[in-house]
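What follows is one structure encoded as structure tokens, with my remarks underneath.
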Amino acid sequence: MIDSSFLQNKKAVYYTLGCKLNFAETSTIGKALKAVGVHTVQEGEKADICIINTCSVTEMADKKCRQIIHRLVKEHPSAFVVVTGCYAQLKPDDVMAIDGVDLVLGAEQKGDLINYLLKMDEFSCGKAVTTPAKNIRKFVPSCSRGDRTRYFLKVQDGCDYFCSYCTIPFARGRSRNGSIADLVHQARQVAEEGGKEIVLTGVNIGDFGKTTGESLLSLLKQLDEVEGIERYRISSIEPDLLTDEIIAFVSQSRHFMPHFHIPLQSGSDAVLKLMRRRYDTNLFAEKIKRIKELMPDAFIGVDVIVGTRGETSEYFEQTYCFLKGLPVSQLHVFSYSERPGTQALKIDYIVPQEIKHERSQRLLALSEEKTKAFYEKYEGKNAIVLVEHAKPGALMHGFTANYIRVELDCNTMSLDNQLVCVKLGAFNGDRTALKAVIMDK
Ligand code: SF4
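Per the numbering used here, residue 436 is the first one in the sequence shown, and the count goes up by one each step.
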């Protein structure tokens, strides 16, 4: 048994960049350190340990990671600085070269962070410990808790898809997942803690079951039976893995919300081929049609990348027209970012930065139109909202089942994490939510 008393009463600061998965993992690391007596620093306190969980989805993300590392090293000069996450896995030497970094841990080592901390003397001159992506196999269970009303439960990690523009398979390794039994157990723990909403998160959630021989549909069915959890959301699912059975199950389930987030990436079949995506626009449109047939009120968010190599203006117009014709609620628009080691770099046709910007502006405007139209359909209607924690004096917010953001005209702490019936009104001042009044039960 490793003696962890050495960590007793140490103070730690945590910083997370990137996706829900990273937040779940940092939260789990924080919980494990708390269990061995490590406190989270309060405002203005100096930390003994600094944990930075990084992202590397774009070049900008890498730059942001470096800025944050420099800033935290400066703010906590005597801290032992550990950098982990996707940027650490992809560029360990670059991270190690940053002044003040003591330890760089790759994706396979992230789950063992405590054990590395207990040997921190061995790393006095700094060390990077990573495993080649093709050998990353460990699934580290994670669930964010305590810092948000909604819990992020990690159900799957890694990806075997190798889309031509993406580095995530190189940063997170092969597709793998937790067992249904363990994930149901974690959901029960969330219910025991009073949690009401769980967001299932992963890299390629639809690929759940690869390492346990189980299926995503079975997982959803068993989670739906867990007493106390009122709401589940699937954070994102590939269109080719969103089966009609899953759509039908969500429409009939007790607790899975009518809310889908589906990466399209391009509305041009030619570009989808260049991206090495595993579906075409017909399949995508079919999925949207199926969802709307069974759940007309469903909120559908769609990821789209503009300016990938090979995206001519003709292909972009195809994307624009395809999205304009789809009954979806919101677009998440990303500008293509060159990533080292990806197949996309072999495509000669490069889209200039200013054209990328123009295209993303057009899709962002289209997204605003779609979200406005979706929200306005519910003005004057009643809805159930899960009220989220708010700072003292701040207005309270929450989401309806179909993911409409709602602003309440009050700040009553007793409503925190409560499901309340509201009457939806018009948009609030900055058009980020519908105003709502609480209906008497
Ligand atoms: S499915 Fe494609 S885009 Fe998504 S993580 Fe895997 S390789 Fe990347």
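Quick reminder that beta carbons are idealized off the backbone N, C-alpha and C, glycines included.
Values in this document were obtained by computation on a predicted structure and should not be read as measured data.
Beta-ladder partner(s) of residue i, from DSSP
| i | result |
| --- | --- |
| P698 | D738 |
| I819 | C856 |
| R840 | F834 |
| C756 | Looking at the DSSP assignment, C756 forms no beta bridge with any residue, so it has no partner. |
| V516 | C485 |
| L538 | V517 and K562 |
| T901 | Outside the modelled stretch of the chain, which goes from 436 to 876, sits residue 901, for which no answer is possible. |
| K446 | H474 |
| F441 | Per DSSP, none; premise fails for F441. |
| F691 | Y667 |
| H767 | D738 |
Heavy atom of the ligand SF4 within 7 angstroms of residue i beta-carbon
| i | result |
| --- | --- |
| P674 | no |
| C454 | no |
| C490 | no |
| I603 | yes |
| V638 | yes |
| Y813 | no |
| Y522 | no |
| F422 | This structure cannot speak to residue 422, because the chain is shown only from 436 to 876. |
| C594 | yes |
Among the options, nearest to residue i - alpha-carbon criterion
| i | options | result |
| --- | --- | --- |
| T566 | F605, L507, I549 and I740 | F605 |
| G465 | H832, G479, E773 and L442 | L442 |
| V473 | K455, A496 and V448 | V448 |
| H824 | D483, N837, N717 and N846 | N846 |
| E728 | V685, R744 and H767 | V685 |
| L821 | Y813, E749, K812 and F834 | F834 |
| N785 | P674, S772 and L553 | Looking at the sequence shown, residue 785 is not Asn but Ile. When each option's Cα is compared against that of I785, the closest is S772. |
| R866 | E628, Y810 and R668 | Y810 |
| K791 | Q524, S614 and V741 | V741 |
| L525 | T716, L718, S440 and G608 | G608 |
| N639 | R840, A626 and L456 | L456 |
| T806 | I549, D556 and L869 | L869 |
| D556 | M710, R501, I484 and I664 | I484 |
| E460 | T493, H620 and G637 | G637 |
| C578 | L538, E627 and V634 | V634 |
| L538 | S748, H511 and I486 | I486 |
| L651 | D679, E804 and G641 | G641 |
| N837 | E803, I726 and E752 | I726 |
Residue i to residue j span [Cα, whole Å]
| i | j | result |
| --- | --- | --- |
| F695 | I672 | 8 angstroms |
| G760 | V516 | 49 angstroms |
| F734 | D617 | 29 angstroms |
| L799 | I819 | 29 angstroms |
| E721 | K445 | 54 angstroms |
| I873 | N863 | 16 angstroms |
| K724 | P762 | 8 angstroms |
| D851 | H832 | 10 angstroms |
| P693 | I682 | 9 angstroms |
| K545 | C454 | 16 angstroms |
| P787 | G745 | 11 angstroms |
| V737 | V575 | 28 angstroms |
| S849 | R580 | 19 angstroms |
| F643 | I697 | 16 angstroms |
| I571 | E814 | 49 angstroms |
| S507 | G535 | Note on identity: in this sequence residue 507 is Leu, with Ser being the wrong assignment. The straight-line gap from Cα to Cα measures roughly 9 angstroms. |
| N717 | A779 | 23 angstroms |
| S770 | V739 | 9 angstroms |
| A532 | T747 | 39 angstroms |
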